[in-house]
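**Student:**
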Amino acid sequence: MPFELPTFTLILDFVGTFAFAISGIRLASAKHFDLFGAYVVGLTTAVGGGTMRDVMLGLTPFWMTNSFYLICSGLALVWVLIFGRQLIRQGVTWFLFDTIGLALFTVVGIEKTLQCGLPWWTAIIMGTMTGAAGGMLRDVFINEVPLIFRKEIYALACVVGGVVYILCRHWGCDEILTSCLSGGTVILMRLLAVKYHLSLPILKGEEAYAKKEEK
Amino acid sequence: MPFELPTFTLILDFVGTFAFAISGIRLASAKHFDLFGAYVVGLTTAVGGGTMRDVMLGLTPFWMTNSFYLICSGLALVWVLIFGRQLIRQGVTWFLFDTIGLALFTVVGIEKTLQCGLPWWTAIIMGTMTGAAGGMLRDVFINEVPLIFRKEIYALACVVGGVVYILCRHWGCDEILTSCLSGGTVILMRLLAVKYHLSLPILKGEEAYAKKEEK
Amino acid sequence: MPFELPTFTLILDFVGTFAFAISGIRLASAKHFDLFGAYVVGLTTAVGGGTMRDVMLGLTPFWMTNSFYLICSGLALVWVLIFGRQLIRQGVTWFLFDTIGLALFTVVGIEKTLQCGLPWWTAIIMGTMTGAAGGMLRDVFINEVPLIFRKEIYALACVVGGVVYILCRHWGCDEILTSCLSGGTVILMRLLAVKYHLSLPILKGEEAYAKKEEK
Chain A
1 MPFELPTFTL ILDFVGTFAF AISGIRLASA KHFDLFGAYV VGLTTAVGGG
51 TMRDVMLGLT PFWMTNSFYL ICSGLALVWV LIFGRQLIRQ GVTWFLFDTI
101 GLALFTVVGI EKTLQCGLPW WTAIIMGTMT GAAGGMLRDV FINEVPLIFR
151 KEIYALACVV GGVVYILCRH WGCDEILTSC LSGGTVILMR LLAVKYHLSL
201 PILKGEEAYA KKEEK
Chain B
1001 MPFELPTFTL ILDFVGTFAF AISGIRLASA KHFDLFGAYV VGLTTAVGGG
1051 TMRDVMLGLT PFWMTNSFYL ICSGLALVWV LIFGRQLIRQ GVTWFLFDTI
1101 GLALFTVVGI EKTLQCGLPW WTAIIMGTMT GAAGGMLRDV FINEVPLIFR
1151 KEIYALACVV GGVVYILCRH WGCDEILTSC LSGGTVILMR LLAVKYHLSL
1201 PILKGEEAYA KKEEK
Chain C
2001 MPFELPTFTL ILDFVGTFAF AISGIRLASA KHFDLFGAYV VGLTTAVGGG
2051 TMRDVMLGLT PFWMTNSFYL ICSGLALVWV LIFGRQLIRQ GVTWFLFDTI
2101 GLALFTVVGI EKTLQCGLPW WTAIIMGTMT GAAGGMLRDV FINEVPLIFR
2151 KEIYALACVV GGVVYILCRH WGCDEILTSC LSGGTVILMR LLAVKYHLSL
2201 PILKGEEAYA KKEEK
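Chains as they are written, first to last, in my numbering: chain A, 1 to 215; chain B, 1001 to 1215; chain C, 2001 to 2215.
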């Protein structure tokens, strides 16, 4: 059963996939990966979250029947090779594209999970996973502690967007309005979090515990 | 097809999930994760092993249709926030709860795998994975070498408990007796291992090999 | 539906699985893992790529219905325990066995994916994953940046072998010839890459980007 996206969504999907792949490729290049490694990390960042979702839902991962995502990640690699250090000046653009991707992937993840007949709270988790787990896998591959566990509000924006989605559907909004409100919430929260340096409280570490466990 | 647990098992399940989540949250807090990151690491520690098992068995991961595990991990986060450093004094309690979880998860993993019609040795592996893989994923997320590969006997207790399970079933014991003997073996082995500092031999490292590979 | 391999392939499968497991066990021993940890890392190196493939294809992982791979990894552990440091002198032999495994696993991965009715480019990716992802999981477990992202041509050999496979089938070669040409390409590329120190270009790192993200 194919999962059709209308044209406008297709454009957003391209923008988001491209931005996610760029983020993976840039971090891979900072770790001196070769071209192949950079492509794999970029692709994983772009499709990793959705792949985890599809595997857990028992579906064939979405990129296995649609070459769009592989090509898109390849174009991202070419873009990094051509524009290189100029990417730093394009920082705001990539941040916006990345945020659009986060919002879209979250909404798509929620819809797909609800279509599988799973409960609403599973849908919110799967939406968050679709948006945020690609970046987590990227960080595991480049051997860093995943940023989403420490950085300003990122995955939490997906959770709140997911709650908005579920509430809108509960109150009888139609599908398009629900998607827009939910995705808009993700984008708004992410923008506000970065602008005002909002972040969640950090847990006080018990160094002694960590050391004892690592002994 | 729901996987029903009787009430007593439900209590053990709560105790085990809670203790596993606490262990993940404490290690996350030692790494200065934020609240969201700590919850994700706690949840992963608690349900990660069972999720890997269910994905490999082709089943819907157990926590996706039962909110019990998400709530339980959330309560563990609240507990860590409230009791904080007092957790260190509760060390023995958490060790016992963690061990109960290890035993229960192992038995549940074996039963589920056998119900899928897979061979007994796969069931032992899946039982061990259910018990021990959550802690392994936790360690990958916090960017440490997984403890279960170096620490005192932990996963091996699951393997031995699994062998006891298979032997009991082979000799015609009923399901409840088998579960108790198998789970009891896991608990006993873990207690003895910690009390007498038992551990498996460490392999002699070939530093040269590692360096050559990393070159 | 069992996936039957003829006798000759079975021998290659043993050689490849054994060599992959040896590589995992040696790296684990360099990190001072215990016996159990070394076995798990060896097994993961040997079956990890195929397990990821089978999970994504919605199949039961191949080693869950055939104890061959578990026994083979166990024999590899015994071999490392007995021969220890002599393995270094056997370096060329293990390199060849490892390369044979890489070639075979790639071909098997492609065939299984095409049998599932997926497109040719997915088959190439799945073949590459079957060959190379076990080593990637191994490196994540031992907490190193995966070698395949930085080392001389390794996964790329699988990709090229995969392209040869698809072209041969397209041009009407029979299954055995296709497999031999494809696997031979993987082996040849790997030998040439190591002999002439061929590697892919390394991406120029943007240290500033990495630091900003990690902030």
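Beta carbons are placed, not taken as given, at the ideal position from N, Cα and C, and that holds for glycine.
Computed from a predicted structure; not experimentally measured.
#1: Using DSSP with H/G/I as helix, E/B as strand and the rest coil, what is Asp98 (chain A)?
#2: Which whole-angstrom value is the C-beta distance of Ala1076 (chain B) and Gly1042 (chain B), which I expect to be below 8 Å?
#3: Cβ closer than 7 Å: which chain C residues qualify as neighbours of Ala1193 (chain B)?
#4: With DSSP as the reference, identify every bridge partner of Asp34 (chain A), one or two as the case may be.
#5: Taking 6 Å as the limit between beta carbons, can you name the residues of its chain near Val2164 (chain C), skipping five residues before and five after?
#6: State yes or no: is the C-beta of Thr44 (chain A) within less than 8 Å of the C-beta of Gly24 (chain A)?
#7: If you compare alpha carbons, which of A:Ser199, A:Cys173, A:Leu57 is closest to Met126 (chain A)?
#8: If we ignore side chains and look at the alpha-carbon of each, how far apart do Asp98 (chain A) and Asp2034 (chain C) end up?
#9: Do you know offhand how far Glu111 (chain A)'s Cα is from Phe18 (chain A)'s?
#10: Looking only at its chain, what residues have a beta carbon closer than 8 Å to the beta carbon of Ala132 (chain A), apart from the 5 residues adjacent to it on each side?
#11: For Ser29 (chain A), which residues in the same chain have their Cβ closer than 8 Å to its Cβ, ignoring the five residues on either side in sequence?
#12: For the alpha helix (DSSP H) containing Leu2075 (chain C), name the first residue and the last one.
#13: Could you tell me the distance, in whole angstroms, from the CA atom of Ile1100 (chain B) to the CA atom of Val1140 (chain B)?
#14: Quick one, which residues of the segment 152-172 of chain A are near chain B if we go by CB-CB under 7 Å, in chain order?
#15: Provide the residue span of the alpha helix (DSSP H) that contains Met2064 (chain C), from first to last.
#16: Which residues, taken in chain order from the segment 1120-1151 of chain B, show a beta carbon closer than 8 Å to some beta carbon of chain A?
#17: Pick out whichever of C:Leu2137, C:Trp2063, C:Phe2095 has its Cα sitting closest to the Cα of Leu2188 (chain C).
#18: Give the residues of chain A in contact with Pro2061 (chain C), contact being defined as C-beta atoms less than 9 Å apart.
#19: Since Val78 (chain A) and Gly134 (chain A) are thought to touch, with beta carbons under 8 Å apart, how far apart are those beta carbons, to the nearest angstrom?
#20: Report yes if the C-beta distance between Leu1012 (chain B) and Leu1104 (chain B) is below 8 Å; otherwise report no.
#21: Note down, in chain order, each residue of its chain lying with its Cβ closer than 8 Å to the Cβ of Glu214 (chain A), except the 5 sequence neighbours on either side.
#22: In three-state DSSP terms, what is Met2001 (chain C)?
#23: Going by C-alpha to C-alpha distance, which of A:Cys173, A:Arg150, A:Trp63, A:Thr178 sits closest to His197 (chain A)?
#24: Answer with yes or no whether the minimum CB distance from Ile1202 (chain B) to chain C is below 8 Å.
#25: Quick check on the burial criterion: 16 or more other C-beta atoms within 10 angstroms. Buried or exposed for Phe1008 (chain B)?
#26: Would you decide whether Arg26 (chain A) is buried or exposed? Buried here means 16 or more other CB atoms lie within 10 Å of its CB.
#27: Give the DSSP-derived three-state secondary structure of Trp120 (chain A) in the structure shown.
#28: Name, please, each residue of chain A whose Cβ falls closer than 9 Å to the Cβ of Val2055 (chain C).
#29: How far does the alpha helix (DSSP H) with Leu1181 (chain B) in it extend, from its first residue to its last?
#30: Under 7 Å Cβ to Cβ from Thr1122 (chain B), same chain only, skipping five residues before and after it: list those, please.
#31: Could you name the residues of the segment 102-114 of chain A whose beta carbon sits closer than 9 Å to any beta carbon of chain B, in the order they occur along the chain?
#32: For Ala193 (chain A) and Gly161 (chain A), I'd like the C-alpha separation in whole angstroms.
**Tutor:** So, from the data block:
#1: Of the three classes helix, strand and coil, the one that applies to Asp98 (chain A) here is helix, per DSSP.
#2: 6 Å
#3: Here the premise fails: no neighbours, minimum Cβ distance about 12 Å.
#4: Bridge partners of Asp34 (chain A): C:Ile2202.
#5: Cβ neighbours of Val2164 (chain C) beyond the five flanking positions: Leu2181, Ser2182, Thr2185.
#6: yes
#7: Ranked by Cα distance from Met126 (chain A), the options A:Ser199, A:Cys173, A:Leu57 are led by A:Leu57.
#8: 42 Å
#9: 22 Å
#10: Gly49, Leu102, Ile148, Tyr154, Ala155, Cys158
#11: Ala38, Val80
#12: 2068-2083
#13: 23 Å
#14: Look at the segment 152-172 of chain A: the residues with a C-beta under 7 Å from a C-beta of chain B are Ala155, Leu156.
#15: From DSSP, Met2064 (chain C) is part of no alpha helix (DSSP H); its letter is neither H nor E.
#16: Val1140, Phe1141, Ile1142, Asn1143, Glu1144, Leu1147
#17: C:Phe2095
#18: Residues of chain A passing the Cβ test: none, with the nearest at roughly 12 Å.
#19: 20 Å between Cβ atoms; not a contact.
#20: A contact, by the Cβ cut-off of 8 Å.
#21: With a pLDDT of 45 at Glu214 (chain A), under the threshold of 50, the modelled position of this residue cannot be trusted; read the value that follows with caution. Closer than 8 Å at the Cβ level, and outside the excluded window around Glu214 (chain A), lies no residue.
#22: In this prediction, Met2001 (chain C) scores a pLDDT of 40, lower than 50, which makes its location untrustworthy; the coordinate-derived value is nonetheless stated afterwards. Three-state result, Met2001 (chain C): coil.
#23: Distance from the Cα of His197 (chain A) is smallest, within the candidate group A:Cys173, A:Arg150, A:Trp63, A:Thr178, for A:Arg150.
#24: yes
#25: exposed
#26: Burial state of Arg26 (chain A) is buried, judged by a 10 Å Cβ sphere holding 16 or more other Cβ atoms.
#27: Helix at Trp120 (chain A).
#28: Val55
#29: 1175-1195
#30: Thr1113
#31: Thr113
#32: 14 Å
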